[in-house]
Amino acid sequence: MVASFRSALIVIHFFVAVGTVLDKAPINADPWDVDGPCQEYVEKLAVVQARMVQCATNWSIPPKVCTNCWEHYIAFKQFEYETKHL
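Residue numbering for the sequence shown is -29 to -1, 1 to 57, as defined by mature numbering (1 follows the signal peptide of the UniProt record, and there is no 0).
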């Protein structure tokens, strides 16, 4: 009984470990997809770009853009720099 319980725990642990590894796998595990590893950066760039555009649109008077969107602009420029220097 103890041996079968131990075996069941080992099997459950194995499936949990496999599930965890698969959750961290890239969207496309195709080894020939050279753009696959970049997808994470593309998605982050889309988020910071969208925030910058949203802020600039909400404060469309030029002086307001300069004073109210500087944090979004800096985040956008920093991430743009990082993606150019991967």
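Where a beta carbon is used, it is the ideal one built from N, C-alpha and C, also for glycine.
None of the values given here were measured: they were computed from a predicted structure.
Out of the options, which one is the CA nearest neighbour of residue i?
i: E42; options: Q20, G7 and Q10; result: Q20
i: Y44; options: C9, L57 and T28; result: T28
i: N39; options: F50, Y52 and M23; result: M23
i: L57; options: W3, Y12 and G7; result: Y12
Could you tell me the alpha carbon to alpha carbon distance between residue i and residue j, rounded to whole angstroms?
i: K55; j: C9; result: 12 Å
i: V5; j: V18; result: 22 Å
i: I32; j: W3; result: 47 Å
i: Q25; j: E53; result: 22 Å
i: G7; j: W30; result: 36 Å
Less than 8 Å between the CB atoms is what I'm expecting for residue i and residue j, so what's the real figure, rounded?
i: K15; j: F50; result: 6 Å
Distance cutoff 9 Å, beta carbons only. Does residue i sit that close to anything in chain C?
i: E14; result: Among the chains of the structure shown, chain C does not appear; only one protein chain is present.
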